[in-house]
Amino acid sequence: MKFNIGDKVAALDEDISGVVVSIKNDQIEVETTDGFLMTYFVNELIKENNSNELKGFISREKVSHAIKEKVEPIKRNFTKEKKSKKDEFVLEVDLHIEKLVPSKRGMNNYDILNLQMETAKRQLEFAQKNRMPKVVFIHGVGEGVLKAELDFLLGRYDNITFQDANYQKYGLGATEVYFIQKKMV
1 MKFNIGDKVA
11 ALDEDISGVV
21 VSIKNDQIEV
31 ETTDGFLMTY
41 FVNELIKENN
51 SNELKGFISR
61 EKVSHAIKEK
71 VEPIKRNFTK
81 EKKSKKDEFV
91 LEVDLHIEKL
101 VPSKRGMNNY
111 DILNLQMETA
121 KRQLEFAQKN
131 RMPKVVFIHG
141 VGEGVLKAEL
151 DFLLGRYDNI
161 TFQDANYQKY
171 GLGATEVYFI
181 QKKMV
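Counting from 1, one number per residue, gives the positions in the sequence shown under the UniProt record's numbering.
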């Protein structure tokens, strides 16, 4: 839309109107009816009192469709999902280094593996402390070094079992850990 100095305009997202006082590239300076100077982008303003332009935006078909929707609300079908014990919250821990640090610059493979294992141990202990039924560690396929280290770490715990995670959901690169919850007497 082309604006000229002296055009009466209104802001689209605010209850502000005024007169164009200067135009610089795609920014327009407006003197509001309250006497303030405000700067807007071209796409944030419309010209006021120009009924020819408004006719282009509104067609009789659109108006009749809007009225029809107001009178006859769209019927929605709601079905309540039944959640089973299997659908409980599952802690998923992605051990890919890109997910753990903003940049791996300056880290060698030993540092990366150390950070991944510390994260796994910390999350495992968090889940155990909060009595979560299971945790899924996403380690990826790669050369298998992280998976081997993770298996070694998990083997040191007495109260857990672990296995490859659901292939359909995670592919080959994830391990599922189940906690054996002791009954409180």
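Ideal Cβ placement from N, Cα and C applies to all residues, glycine included.
Counting C-beta pairs closer than 8 Å gives fewer than three between the segment 154-165 and the segment 94-114, which falls short of the contact rule. Taking all protein chains in view, the Cβ of ALA120 is crowded by 16 or more other Cβ atoms within 10 Å, so the residue is classified as buried. The beta strand (DSSP E) runs lying completely inside the UniProt domain "Smr" (120-179) and spanning 3 residues or more are 134-138, 160-164 and 174-179, given in chain order.
For a cut-off of 8 Å, the C-beta gap from HIS139 to LEU150 is around 6 Å, short enough to register as a contact. Apart from the 5 residues on each side of it in sequence, ASP94 sits with its Cβ closer than 6 Å to the Cβ of ILE138 in its chain, given in chain order. Looking from the CA of LEU100, the closest CA among GLU176, GLN116, PHE126 and LEU91 belongs to GLN116. If you draw a 10 Å sphere on the C-beta of ASP26, you find fewer than 16 other C-beta atoms in it, and that means exposed.
A direct Cα-to-Cα measurement between VAL90 and ASN130 gives close to 12 Å.
In the same chain as ILE5, and ignoring 5 residues on each side of it, the C-beta atoms closer than 8 Å to its own belong to VAL20, VAL21, SER22 and ILE23, in chain order. The DSSP-derived three-state label of LYS8 is strand.
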